[in-house]
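First up is the structure itself, then whatever we jot down about it.
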Amino acid sequence: MSPIITSAEIDRPAAEVFAVATEPARFREWQKGVVGGRMDSADGTQPPALGAKCVMVRRIGGSDRSSTSELVRFDPPKTWGVRGTDGPIRAAVDVLVEPVTGSRSRLTISVDFTGYGIGKILVPLMVRREARKEMPENMAALKRLIEKG
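If you read the sequence shown in the numbering used here, its first letter stands for residue -1, the second for the next number, and so on.
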């Protein structure tokens, strides 16, 4: 299946958009269901670098579930990408920030999923449908967050 893609023009420079859109500790401010996120290091402050681990905590079915992804693309302030490394549902997320003008940017987020075990059933039945519904809402929330400064 093809990835789920959403885009928006944001009234902020590319560096600002990139900084907020790719900071795991801020994902809960704009992503539905996210209750926490961090780069995986002893104190949670590992600087982003290829191979770094990103740990996300989502509320699913009334309980918190963590998942780990590996940073596979990192070229600030333009591209960022992670690939899930554990669990039955693994996301591939790519972020692209393109300057439109010096003070305006286009943000594109692409998400795809691979299921393992029970995830092979859940991805086509539920996960993709929910992501398709949530991504525009998440993008609108992210746009508001970034533009309010």
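Glycine included, each C-beta is placed from N, C-alpha and C at the ideal position. Computed from a predicted model, the values in this text were never measured in an experiment.
Notebook entry, point to check: Cβ atoms of A23 and R36: under 7 angstroms apart, would you say?
Noted result: Translated into positions along the sequence shown, residue 36 becomes position 38. Translated into positions along the sequence shown, residue 23 becomes position 25. Taking 7 angstroms as the Cβ cut-off, R36 and A23 qualify as a contacting pair.
Item checked: Residues sharing a beta bridge with F16, DSSP -> Taking the sequence shown and counting its residues from 1, the one referred to as residue 16 is at position 18. Partner(s): none; F16 has no beta bridge.
Check: Where V125 and P134 are concerned, what is the direct C-alpha to C-alpha distance, given to the nearest angstrom?
Finding: Numbered from its first residue, the sequence shown carries residue 125 at position 127. Numbered from its first residue, the sequence shown carries residue 134 at position 136. When the Cα atoms are used, V125 and P134 turn out to be separated by approximately 15 angstroms.
Notebook entry, point to check: Can you name the residues that DSSP bridges to M(-1)?
Noted result: Taking the first residue of the sequence shown as position 1, residue -1 is located at position 1. In DSSP, M(-1) forms no bridge with anything.
Item checked: Spatial distance of P90 from S61 (CA atoms) -> Counting from 1 along the sequence shown, the entry for residue 90 is found at position 92. Counting from 1 along the sequence shown, the entry for residue 61 is found at position 63. Contrary to the premise, residue 90 reads as Ala rather than Pro in this sequence. The C-alpha of A90 lies about 23 angstroms from the C-alpha of S61.
Notebook entry, point to check: By Cβ distance, which residues of its chain are closer than 7 angstroms to G49, with the 5 residues on each side in sequence left out?
Noted result: Numbered from 1 along the sequence shown, position 51 holds the residue referred to as residue 49. Around G49: E68 and L69.
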